[in-house]
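Engineer: To start, I am sharing the structure in question, which I have written as structure tokens.
This is how it looks when you write it as structure tokens:
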């Protein structure tokens with residue numbers, strides 16, 4: 421009976437070591453599952469971030485599409501304006517050519533006028549340079565009279581100045597007989613200058629008339645083309661709006677498909693994550709149950725060993741009773757654990 425008890429004890433110890441090994445395997449599997457759970461959580465957060473990024477891209481692309489449509493409408497309007505300007509240029513080309521010719525003629529006359537004015541200024545400067553010398557030569561023999569009149573009373577000073585001014589004026593009246601060529605040339609230049617100014621004013625008046633005619637022609641062209649142009653513009657705008665709506669609907673459909681695909685991937689990952697969580701919880705519960713069974717076996721084996729050691733008689737009945745107790749404990753603990761372990765594998 422003692423040998424049988426020892427054999428039972430050895431079997432119990434082997435089963436205990438097997439249970440410990442199973443517990444270690446369960447711990448390793450729990451660690452692996454926790455790592456998988458963390459990786460699944462990180463993948464889920466990455467997918468959430470990717471979904472937010474795609475939604476932002478969708479909004480940004482819709483805004484860019486609206487801006488592009490507005491720019492396209494502006495470019496079409498500019499294109500129509502340029503084509504209209506080309507047609508208008510064919511109609512009003514003659515008026516513009518006449519206008520440019522008048523402007524060129526006016527600029528030439530202004531240049532001639534400026535040249536004549538420069539010549540007049542030069543002649544004035546020469547006359548001012550010649551006049552003092554002639555006045556000095558004519559007034560040399562009248563210096564005694566001027567001194568005589570300057571020695572009168574203070575009250576007569578003004579009268580002497582007036583008389584001397586009058587004599588200077590008489591002398592100046594005598595100067596043009598010597599400066600007659602300069603004065604005649606100056607008069608001719610003045611006459612030519614006045615004629616040029618009159619011609620410039622006439623050309624400016626003609627230029628204003630031509631500009632008013634050009635403006636009236638443009639207004640008349642606008643009024644003639646406004647009815648048909650408005651209808652064409654409305655039709656073009658309607659077609660552009662329909663094309664933009666179709667393009668926007670196509671892009672929205674593609675973005676909705678992308679969003680649905682990402683949502684399906686997200687739901688699949690969530691289901692995988694929930695399955696991993698359930699599997700981890702099952703492993704944790706089985707490992708906890710195995711640990712409790714191992715603790716119960718350890719307790720039962722320790723109680724049996726203590727009972728055998730403390731019994732002085734150590735009869736066969738006591739050994740058989742302890743062996744049956746260990747067998748019942750092992751049969752109660754091991755088969756469910758082994759079955760669950762095999763199913764987990």
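Numbering (my numbering), first residue to last: 421 to 765.
Ideal placement from N, C-alpha and C gives every residue a C-beta, glycine not left out.
Since this is a predicted model, take the numbers as computed values, not measurements.
Grab me the residues of residue 482's own chain with a C-beta within less than 8 Å of its C-beta, minus the 5 sequence neighbours each way, in chain order.
Structural biologist: Closer than 8 Å at the Cβ level, and outside the excluded window around residue 482, lie 668, 671, 672.
Engineer: Would you kindly check if the distance between the Cβ of residue 428 and the Cβ of residue 747 is under 9 Å?
Structural biologist: Yes, they are a contact pair.
Engineer: Does the beta-carbon of residue 365 have 16 or more other beta-carbons within 10 angstroms, so that it is buried, or is it exposed?
Structural biologist: Residue coverage of the chain in this structure runs from 421 to 765, which leaves residue 365 outside it and unanswerable.
Engineer: Please report the distance separating the alpha-carbon of residue 698 from that of residue 457.
Structural biologist: Each residue's Cα considered, the two are about 11 Å apart.
Engineer: Can you list, in chain order, the residues of its chain with a C-beta nearer than 7 Å to that of residue 518? Leave out the 5 residues immediately preceding and following it.
Structural biologist: Counting only Cβ-Cβ distances below 7 Å, and skipping sequence neighbours, we find 630.
Engineer: Buried or exposed for residue 544, going by 16 or more other Cβ atoms inside 10 Å?
Structural biologist: It is exposed - the Cβ of residue 544 has fewer than 16 other Cβ atoms within 10 Å.
Engineer: When the Cα of residue 612 is compared with those of 534, 461, 717, 443, which residue comes out closest?
Structural biologist: The candidate whose alpha carbon is nearest that of residue 612 is 534.
Engineer: Please report how far the alpha carbon of residue 491 lies from the alpha carbon of residue 479, in whole angstroms.
Structural biologist: When rounded, the distance between both Cα atoms is 19 Å.
Engineer: Could you work out which residue in 470, 466, 604, 450 is closest to residue 678 when comparing CA atoms only?
Structural biologist: When each option's Cα is compared against that of residue 678, the closest is 470.
Engineer: Can you tell me whether residue 499 is buried or exposed, with buried defined as 16 or more other CB within 10 angstroms of its CB?
Structural biologist: Residue 499 is exposed by the Cβ-count criterion.
Engineer: Measuring straight from C-alpha to C-alpha, what distance separates residue 465 and residue 659?
Structural biologist: Near 44 Å, if we compare the C-alpha coordinates of residue 659 and residue 465.
Engineer: Taking the alpha-carbon positions, what's the residue 640 to residue 540 distance?
Structural biologist: Computed Cα separation, rounded: 48 Å.
Engineer: Since I believe residue 682 is in contact with residue 436 (beta carbons under 8 Å), could you give me their beta-carbon distance rounded to a whole number of angstroms?
Structural biologist: So it is not a contact: roughly 52 Å between Cβ atoms.
Engineer: Would a C-beta distance cut-off of 9 Å place residue 686 and residue 467 closer than the cut-off?
Structural biologist: Yes, the pair counts as a contact, with Cβ atoms nearer than the cut-off.
Engineer: With a Cβ-Cβ cutoff of 9 Å, do residue 627 and residue 537 count as a contact?
Structural biologist: Contact: no.
Engineer: When we look at the beta-carbon of residue 706 and count the other beta-carbons within 10 Å, is it buried (16 or more) or exposed?
Structural biologist: Classification of residue 706: buried, given that the 10 Å Cβ count is 16 or more.
Engineer: Could you tell me the distance, in whole angstroms, from the CA atom of residue 690 to the CA atom of residue 450?
Structural biologist: Their backbone Cα atoms lie some 20 Å apart in a straight line.
Engineer: Quick check: what's the CA-CA separation for residue 725 versus residue 425?
Structural biologist: Near 10 Å, if we compare the C-alpha coordinates of residue 425 and residue 725.
Engineer: By how many angstroms is the C-alpha of residue 493 removed from the C-alpha of residue 664?
Structural biologist: The alpha-carbon atoms of residue 664 and residue 493 are separated by roughly 10 Å.
Engineer: Out of curiosity, what's the CA-to-CA distance linking residue 531 and residue 634?
Structural biologist: Cα-Cα distance, rounded: 27 Å.
Engineer: Taking residue 473 as the reference, give the member of 695, 745, 675 with the closest Cα.
Structural biologist: Answer by Cα proximity: 675.
Engineer: Taking Cβ to Cβ, would you say residue 439 is nearer than 9 Å to residue 710?
Structural biologist: Against a cut-off of 9 Å, the Cβ pair of residue 710 and residue 439 comes out as a contact.
Engineer: With distance defined between alpha-carbon atoms, name the residue in 528, 741, 643, 496 nearest to residue 720.
Structural biologist: The option with the nearest alpha carbon to residue 720 is 741.
Engineer: Measuring straight from C-alpha to C-alpha, what distance separates residue 715 and residue 444?
Structural biologist: In a straight line, the C-alpha of residue 715 is about 14 Å away from that of residue 444.
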